[in-house]
Each structure stands twice: as structure tokens, then as C-alpha cells.
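Q:
Residue numbers (my numbering): 296 to 437.
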């Protein structure tokens, strides 16, 4: 049996994070002493390492809980993991497209603004570059 500090040493996960996992139901001590000490089985090490590795794959703690719940019900979970990964890849593809469009917008502004003169330091204008965009958007809305 491992105390929470031992589990911390074996997994590299802070005690507060282990307690958080316990509060979420991701990790359960095998028993608690009368004085409140948590004691974990050796399989807790594997469970915590599983959580950390799943997080590196961008799995949320809710998704990890879903995986654990399915496993506890006796369901094969690799198909669930594959489905979650497919959804994450689709989401990333959308995010990549948004980022590329944003990058193109910024590059367009940078190119257009390359020859603009600097604003005077004491002018009422904060930055004509951005204020020009505000004016353009106002014309589009009108």
C-alpha cells in the first residue's frame, strides 16, 4: 500500500493534483486510516500514469473519466479512445484552418502597413493602423 506521498514520488504528480483526481472520482484510495491517511494500491500508479499520458493526447479529465467508467462497466475502451481521437483530429483541422486564416489576415495587414508612417507620439490617435480597421468595420456595418 502506498501513502499519497509515495504515489506522488512514483508518478511525479503533486499531492494536490492527486487529491483533485480523487475528488473527481478518477482515483480512489484503497482505504483510509482512522487518522485520515489515504492508502493506494499499486494499480493507482498505473492509473495516474494513464491519466497523465491521456492528457498529453489532449484528453480532458471528463473524457478520461468516461474511459474509466466504460472500462469499469466491462466495455472495451479502445474503440472509445479511437473515436475521441478522431473527433480531436477533426477539431484540430478546424482550428488549423482558423489559425491559417488569421495568419493570412495579419500578413495582409503587415504588408499593407509596411509603408505607413509612424503616428506622432502626442497625437490623439493611439494607432492609426488599428483605428483604420475600426473605421473600415464601421463602414461595413452601416
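We put the CB at the ideal spot given by N, CA and C, even for glycine.
Would you say residue 333 and residue 299 are within 8 angstroms of each other, going by their C-beta atoms?
A: By one-based count along the chain shown, residue 333 stands at place 38. By one-based count along the chain shown, residue 299 stands at place 4. Against a cut-off of 8 angstroms, the Cβ pair of residue 299 and residue 333 comes out as a contact.
Q: Report, in whole angstroms, the separation of the C-beta atoms of residue 322 and residue 343, which I expect to be a contact under 8 angstroms.
A: Along the chain shown, one-based indexing puts residue 322 at 27. Along the chain shown, one-based indexing puts residue 343 at 48. Confirmed, Cβ separation roughly 7 angstroms.
Q: Does chain C have any CB closer than 8 angstroms to the CB of residue 401?
A: The chain labelled as chain C is not found in the depicted structure, where only one protein chain is given.
Q: Looking at the secondary structure, which residues open and close the beta strand (DSSP E) in which residue 334 lies?
A: By one-based count along the chain shown, residue 334 stands at place 39. Note, residue 334: beta strand (DSSP E), 333-335.
Q: I'd like to know if the stretch 300-319 and the stretch 335-353 are in contact, where contact means that at least 3 CB-CB pairs between them fall below 8 angstroms.
A: Yes, the stretch 300-319 is in contact with the stretch 335-353.
Q: Helix, strand or coil for residue 297? Go by DSSP, reduced to three states.
A: Mapped onto the chain shown, residue 297 falls at position 2. Correct three-state label for residue 297: strand.
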